[in-house]
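Visitor: Chains as they are written, first to last, in this note's numbering: chain A, 784 to 887; chain V, 11 to 481.
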Amino acid sequence: MEGLNIPLNHILLIASLLFVIGMLGLMIRRNIIFILMSLEVMLNSAALAFVAAGAHWGQPDGQIVFMLILSIAAAEVAVGLSLVLQVQRRFRSLDMDSLDWMRG
Amino acid sequence: MNGSQMQALMPILMLSLTAIVLMIQASIKRDEKATWIITVVGILLALWGAGYARDFSQPVTILLQVDNWGLFFTALVLLASLVTVVLSQDSFSSEGGSKEEYYLLLVLSALGAVILIQSSHMASLLLGMELMGVALYAMIAFPKKGLLPLEAAVKYLVLSGCASAILLFGFALLYAATGELSYKGIGEKAALAYISNPLLVMAGTAMVTAGIAFKLSLVPFHMWTPDVYQGAPTPVTGFLATVSKGAVFVALARIYMDAELHQYESLILALSVLAAFSMLIGNLLALLQEDIKRLLAYSSIAHFGYLLIVLIALTGSEMASEAVTFYLAAYILTTLGAFTVIARVSREDQQKSQISEFEGLFWRNKIQATALTIAMLSFAGIPLTAGFMAKFFVINVAIQGSHWFLLSALVIGSAIGIYYYLRIIFSMSKTSGNDIGFRDRSGDITALLLTVLILMLGSWPQPFIAFAGGL
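(1) Name, please, each residue of chain V whose Cβ falls closer than 7 angstroms to the Cβ of residue 839 of chain A.
(2) Which residue from V/410, V/438 and V/24 puts its Cα closest to that of residue 383 of chain V?
(3) Note down, in chain order, every chain V residue with its Cβ under 7 angstroms from the Cβ of residue 863 of chain A.
(4) Counting C-beta neighbours from all protein chains within 10 Å, is the total for residue 414 of chain V 16 or more, i.e. buried, or is it exposed?
(5) As an exercise, report each continuous alpha helix (DSSP H) stretch of at least 4 residues that is fully enclosed by the region 209–268 of chain V, in chain order.
(6) Helix, strand or coil: how does DSSP classify residue 313 of chain V here?
(7) Consider the Cβ of residue 349 of chain V: report whether some Cβ of chain A lies at a distance smaller than 8 angstroms.
(8) CB residue 242 of chain V to CB residue 150 of chain V, shorter than 8 angstroms?
(9) Taking the alpha-carbon positions, what's the residue 90 of chain V to residue 117 of chain V distance?
(10) Work out the CA separation of residue 99 of chain V and residue 452 of chain V for me, nearest whole Å.
(11) Rounded to whole angstroms, what's the CA-CA distance from residue 104 of chain V to residue 152 of chain V? Just pull it up for me.
(12) Going residue by residue through the region 65–137 of chain V, where are the continuous alpha helix (DSSP H) segments of at least 4 residues, counting only ones entirely within it?
(13) Kindly list the residues whose CB is nearer than 6 angstroms to the CB of residue 341 of chain V, restricted to its own chain and excluding five residues on each side of it in sequence; keep chain order.
(14) From the DSSP output, read off the bridge partner residues of residue 878 of chain A.
(15) Mind pulling the chain V residues with CB within less than 9 angstroms of residue 857 of chain A?
(16) Chain D beta carbons: is any one of them nearer than 8 angstroms to that of residue 164 of chain V?
(17) Note down the Cα distance separating residue 43 of chain V from residue 51 of chain V, rounded to an integer number of angstroms.
(18) What is the DSSP secondary structure of residue 454 of chain V, counted as helix, strand or coil?
(19) Rounded to whole angstroms, what's the CA-CA distance from residue 849 of chain A to residue 77 of chain V? Just pull it up for me.
(20) If you drop the 5 nearest sequence neighbours on each side, which residues of the same chain put their C-beta closer than 6 angstroms to that of residue 800 of chain A?
(21) Given residue 224 of chain V, which residues of its chain have a CB within under 6 angstroms of its CB, disregarding the five upstream and five downstream residues?
(22) What did DSSP end up calling residue 174 of chain V once you bin it into helix, strand or coil?
(23) Can you give the Cα-Cα distance for residue 161 of chain V and residue 813 of chain A, rounded to whole angstroms?
(24) At a CB-CB cut-off below 7 angstroms, which residues of chain A make contact with residue 144 of chain V?
(25) Taking all protein chains shown into account, do 16 or more other C-beta atoms lie within 10 angstroms of the C-beta of residue 793 of chain A, making it buried, or fewer, making it exposed?
(26) Measuring only the C-alpha atoms, how far is residue 440 of chain V from residue 373 of chain V?
(27) Say whether the region 207–221 of chain V touches the region 177–192 of chain V, bearing in mind that this needs 3 or more beta-carbon pairs closer than 8 angstroms, one atom from each stretch.
(28) Under 7 angstroms Cβ-Cβ, which residues of chain V neighbour residue 816 of chain A?
(29) Going by DSSP, which residues form a beta bridge with residue 301 of chain V?
(30) How far does the alpha helix (DSSP H) with residue 430 of chain V in it reach, from first residue to last?
(31) Quick one: what does DSSP say residue 356 of chain V is sitting in, helix, strand or coil?
(32) Thinking residue 352 of chain V and residue 244 of chain V are a contact (beta carbons under 8 angstroms), I'd like their distance in whole angstroms, please.
(33) Is the number of C-beta pairs between the region 128–144 of chain V and the region 853–860 of chain A that are closer than 8 angstroms three or more?
(34) I'd like the span of the alpha helix (DSSP H) that includes residue 198 of chain V, first residue to last.
(35) Could you work out which residues of chain A lie near residue 261 of chain V, taking near to mean beta carbons separated by less than 9 angstroms?
(36) Secondary structure at residue 872 of chain A, three-state DSSP: helix, strand or coil?
Take a look at the structure:
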């Protein structure tokens, strides 16, 4: 069946936009949970680009890398959220700016 | 996959087996002593596996490339893990509670590093790097008390995750341009794709470089390094500085050589700028530090700047691959030596790593003070130590490739470096009021062995040079 044919460049553009949104969020947001979400957006934009490129070349590799990224992002967020719990318990805040005990 | 390919994967199999045994052991009966012994035996078995696999060098599927060069770094990474296990034995045990999981994480992180070293494909690079990284976040945050380890872990997680995302996006763009994921394939198709679609290839290469520069903490991607070095428990800092950075550099060298990236002028220029900034800014900022772990963080930034020179001059010299091997080996041994002593001196309180804490160390423990002195001299590149031979190789390679600009940055950087390395040595020779000697058998033996290795590499390097040339 002929699928919907979207040019590769359009999808790459969307992926780059998502990537920039994630990166801006990472830099501007101060709440750790939002920072983790922005990180997730960045990883998923890379995954989207992989799927699009895989479809463009007619290879399954892109989708396989997508699944790898999915599992890696899950592992990263699992560790990240457990750190968030500890931060809330010890610093009594989820603000990234409260984590500035080290200087120099 | 046939039998001989399985045998080529012996170190990876041994580490995986160790991780499984550790999990089963922890679920049956929690016993820190037993966990420690299993970890040490497992890493020794993997070291044996690295020697055993030498007879089976070959590409294992498209994902991994087992060769002598990679196996040598595998052995080096395993040695560093072993030292970390020994150092961790009674570090941060005063925090209460046991740390079986810590050893499990350490084995997993070492496994990730070994996969990263042997990877020849984007997928294995991704898996190895993340396995190493995610286990490291948890290792940094492991101490139950204290705010600094947690702060360091959160910062490392966010910035390392960001670097991974940048790296991945770069590889996605390269994949879109070339349709290949293995380093060799990207290299073969990139030149052609560059003509038809220069923007995609340029952006992809730039992002891959930026992502790796983040992990190697090259200036201007170095902001996380001092905080993470200072906040992490000292044995973990040593592990991060040697295993994690060393493995990422080997992966970078592999990408660089397999994909034949030296033919792109703009990439060479970008790497040269990164190297020059790292050498100068790393050394300058190290001058301001009062905390020895932060100081070594900046010093490591500078050292990876020196190492980049070799990569840049790779084609201009036959000695380049030996230079990478020698420099990385010297850097890993010296860093391990330094962190062994730091972990022992500041062990009662993980936060006590000010340079003033080291005053009078010569009167308190002669062996460890000597070991730290030799390590600092080796960092500074004083003759008869491994660091001197390593720097000699780098300068030689740079001259052969006539990279005069980088060479001048290296000379200025090293001159600044001598000041702060000697400052630590002077501080150790000062007398302070309460010089109570302390004895510590495992720390002394580890420090002594590493010192002997550093001196041997520096004063009698011929066997090692011959060995490195044969890799």
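Backbone N, C-alpha and C fix where the C-beta goes; we use that ideal spot for every residue, glycine too.
Guide: Straight from the coordinates:
(1) 186
(2) V/438
(3) 167
(4) Around the beta carbon of residue 414 of chain V, fewer than 16 other beta carbons lie within 10 angstroms, which makes this residue exposed.
(5) 234–241, 244–249 and 255–268
(6) helix
(7) Residue 349 of chain V does not count as touching chain A.
(8) yes
(9) Rounded to whole angstroms, the separation of the alpha carbons of residue 117 of chain V and residue 90 of chain V is 12 angstroms.
(10) Using only the alpha carbons, I get a separation of about 9 angstroms.
(11) For residue 104 of chain V, the predicted structure reports a pLDDT of 44, less than 50, and the residue's modelled location is therefore unreliable. The matter cannot be settled from this model.
(12) 78–98 and 110–128
(13) 313
(14) A/814
(15) Here the premise fails: no neighbours, minimum Cβ distance about 10 angstroms.
(16) Protein chains A and V are contained in the structure displayed, whereas chain D is not.
(17) 12 angstroms
(18) Three-state DSSP puts residue 454 of chain V in a helix.
(19) 29 angstroms
(20) none
(21) 173 and 231
(22) helix
(23) C-alpha separation (whole angstroms): 14 angstroms.
(24) Those within 7 angstroms of residue 144 of chain V in chain A are 858, 859 and 862.
(25) exposed
(26) It is roughly 9 angstroms from the alpha-carbon of residue 440 of chain V to the alpha-carbon of residue 373 of chain V.
(27) Yes, since at least three Cβ pairs between the region 207–221 of chain V and the region 177–192 of chain V fall closer than 8 angstroms, the two stretches touch.
(28) Correct list: empty, because the minimum Cβ distance to chain V is about 12 angstroms.
(29) V/364
(30) 414–439
(31) coil
(32) 5 angstroms
(33) At 8 angstroms Cβ cutoff, the stretches touch.
(34) 193–206
(35) Here the premise fails: no neighbours, minimum Cβ distance about 16 angstroms.
(36) helix
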